[in-house]
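In what follows, a single structure is set out as structure tokens and then discussed.
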Amino acid sequence: MTKPHPVQLSIYKLHKTDSSSDRGGGTAVQTLSFTIHTLHHTEVELQICPNFACFLLPLSFLTAKMDYYDYNVSFDVNFTCADGGNCTLFEEDYDVMGWRHYFALICYLVVVLLGVPGNGLVAWVTAFRMPSSVNAVWFLNLALTDLLCCLSLPLLMVPLTQDQHWPFGSLACKMLHGLLYMVMYCSVLILTVISLDRWILVSRPAWCQNRRQPRLARWICLGTWMLALIGTIPQFIHMEEEKYGKVKIVCHGQYASMAHAWGMVVTRFLLGFLLPFLIISYSHWLVYQRTHQKSARRQSERSARTVRVILAVVITFFFCWIPLHIIDAIALSLRTSVGKTRANLHLAQVLALCLAYFNSCLNPLLYVCLGRGFKESLTKTLKSVLNFASEEPTRGVSISNTKSTTDTNY
877 MTKPHPVQLS IYKLHKTDSS SDRGGGTAVQ TLSFTIHTLH HTEVELQICP
927 NFACFLLPLS FLTAKMDYYD YNVSFDVNFT CADGGNCTLF EEDYDVMGWR
977 HYFALICYLV VVLLGVPGNG LVAWVTAFRM PSSVNAVWFL NLALTDLLCC
1027 LSLPLLMVPL TQDQHWPFGS LACKMLHGLL YMVMYCSVLI LTVISLDRWI
1077 LVSRPAWCQN RRQPRLARWI CLGTWMLALI GTIPQFIHME EEKYGKVKIV
1127 CHGQYASMAH AWGMVVTRFL LGFLLPFLII SYSHWLVYQR THQKSARRQS
1177 ERSARTVRVI LAVVITFFFC WIPLHIIDAI ALSLRTSVGK TRANLHLAQV
1227 LALCLAYFNS CLNPLLYVCL GRGFKESLTK TLKSVLNFAS EEPTRGVSIS
1277 NTKSTTDTNY
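Letter by letter, the sequence shown follows residues 877 to 1286 of this note's numbering.
Now the structure itself:
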């Protein structure tokens, strides 16, 4: 009979308060659950789930001794593998990539390939090839937020190839993950400002004629970026690295308590989604009512073109971001689930996150399909570039920039 091989598993920070590392003085909780699925003579399957990452082991002999010392729990597990050979709890620091990882990588790659050139083109056209207008300032800043999101994806794709191992350090853990939420806040704030701007434009035309200037729009956009940065500060604070096994490091949120975690989720949903969406919807309803009351049909058609663009952006934002908020709440409420439930929940989180990122590459398509002023400027720009490339080197080339004079030509 083969002798059992001793293996020691140490789990740290289990209901432990560490005043030197816990900023809030709260309790860092790490869940460890044991489930014995099968007991048939000498074979036992032991499922170990530290922080929902489950490992299933076939055991032929099991003894466990739990020692509580300074809230560190150690388990002396003696077992012989089913085949009689040597076994360890963690044979590898990284699990083999599953189809969920590949699917998420493909989604991220599609977003990068579409979003980076698309948003870069929108930013360039609105900044350099279109007239200086309030609408151009709005859509330029919206394109910049989406471009930043797409540019961060290649770095966020690396952990997917290494079973969520984070190789970039603690600062990048905070910065890159915080960037996602800053983009979310900034996008919804800019969309809210655009909606309020459309309402003011149709309800206070005299004021807009005297005060509605691109310079004021730039200052407002600067304020939205600052507000988005302030709203992201809690995310920067709570994103931390945690080590698993020998070399694996995971970057995730660390909260003092479940009440604190729920507070973050609810606040993010209310301020980053629900309240702005209600303002956006109500503003567009007022614009719709006012434009249909006007007798000038031509002006109504011009305003309707702008409303179509903004409504399309708002609708795509809603359907791209609402699943992520819902899944975050479900994941927090089912935090102790294991097995198929946890696997399906993880798949839902991956799909929701991919859908949220996909919103960053949809906006350029909306501008091209619905924005007349943008299409005209883009067409003239591409023709100018092609003409420049086809000219002889000795001939002088003048690239004309025909500009629209109306701010509502989007």
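The beta carbon of each residue, even a glycine, is placed where N, CA and C say it ideally should be.
On the criterion of 16 or more Cβ atoms from any shown chain inside 10 Å, does residue i qualify as buried, or is it exposed?
| i | result |
| --- | --- |
| F1153 | buried |
| M1134 | exposed |
| W1014 | buried |
| Q1130 | buried |
| M1115 | buried |
| W1197 | buried |
| L1150 | exposed |
| T1143 | exposed |
| L932 | Note that L932 scores 40 on pLDDT, short of 50, meaning its location in the model is unreliable and no value can be drawn from it. |
| L1210 | exposed |
| M1321 | Only positions 877 to 1286 of the chain appear in the structure, and residue 1321 is not among them; the question remains open. |
| L1229 | buried |
| A1019 | buried |
| L997 | buried |
Taking the alpha-carbon of residue i as reference, which of the options has the nearest alpha-carbon?
| i | options | result |
| --- | --- | --- |
| N1011 | P1043, L1210, R1091 | R1091 |
| L1292 | V1069, A1137, S1063 | Here the chain covers residues 877 to 1286 and nothing more, so residue 1292 does not appear. |
| K1256 | H1041, L981, I982, M1006 | M1006 |
| L985 | T1037, L1241, I1186 | T1037 |
| F1194 | H977, I1156, I1206 | I1156 |
| F1112 | H1128, Q1165, V1064, L1065 | H1128 |
| A1188 | H1160, Q1165, T1167 | H1160 |
| T1167 | V988, R1074, G1148 | R1074 |
| V1064 | A1224, I1191, V1226 | I1191 |
| Y1120 | V1069, S1008, H1041, S1009 | H1041 |
| W1095 | N1017, G1139, M1060 | N1017 |
| C1049 | G996, D1039, L1221, E1118 | E1118 |
| G1148 | I1206, A1104, A1224 | A1104 |
| A1093 | Y1164, S1008, L1146, V1163 | S1008 |
| V1141 | M1102, I1206, L981 | I1206 |
| D1039 | L981, Y1158, Q1165 | L981 |
| T1068 | L1231, Y1158, V1001 | Y1158 |
With H, G and I counted as helix, E and B as strand and the rest as coil, what does DSSP make of residue i?
| i | result |
| --- | --- |
| Y947 | Note on Y947: pLDDT 33, under 50, position unreliable in the model; the coordinate value appears next. Correct three-state label for Y947: coil. |
| K1124 | strand |
| M1115 | strand |
| G1045 | coil |
| V988 | helix |
| S886 | Confidence at S886 is low in this model, with a pLDDT of 38, below 50, so the placement of that residue should be treated as unreliable; the coordinate-derived value is given next. The answer is strand: DSSP assigns S886 an E or B state. |
Which whole-angstrom value is the C-beta distance of residue i and residue j, which I expect to be below 8 Å?
| i | j | result |
| --- | --- | --- |
| L1052 | L1032 | 6 Å |
| C1062 | T1021 | 5 Å |
| N1023 | A999 | Here the sequence assigns Leu to residue 1023, which means Asn is not the residue at that position. Their Cβ separation, rounded to whole angstroms, is 6 Å, which keeps L1023 and A999 in contact under 8 Å. |
| Y1233 | V987 | 5 Å |
| I1070 | T1100 | 10 Å between Cβ atoms; not a contact. |
| F979 | V1226 | 7 Å |
| V1185 | L1242 | 6 Å |
| L1146 | R976 | That belief does not hold up - the Cβ atoms of L1146 and R976 are roughly 30 Å apart, past 8 Å. |
Please indicate yes or no: does the CB of residue i lie closer than 7 Å to some heavy atom of the ligand HEM?
| i | result |
| --- | --- |
| L997 | Because no ligand of any kind appears in the structure shown, any question about the ligand HEM cannot be addressed here. |
Three Cβ pairs or more, each shorter than 8 Å: is that satisfied between the region 1042-1060 and the region 1107-1125? Using a C-beta cut-off of 8 Å, the region 1042-1060 makes contact with the region 1107-1125, since at least three inter-stretch Cβ pairs fall below that distance.
When the Cβ atoms of the region 1112-1129 are set against those of the region 1068-1081, are three or more pairs found closer than 8 Å? With the cut-off at 8 Å, the region 1112-1129 and the region 1068-1081 do not touch.
Is it the case that the region 1191-1202 contacts the region 1020-1031, given that we only count it when at least three CB pairs across the two stretches are under 8 Å? When Cβ pairs closer than 8 Å are counted between the two stretches, the region 1020-1031 is seen not to touch the region 1191-1202, the count staying below three.
Touch test, the region 983-998 against the region 1233-1242, Cβ-Cβ under 8 Å, three pairs minimum: These segments touch.
Counting Cβ pairs closer than 8 Å, one from the region 1036-1046 and one from the region 1084-1098, do we hit at least three? Output reads no: the region 1084-1098 does not touch the region 1036-1046.
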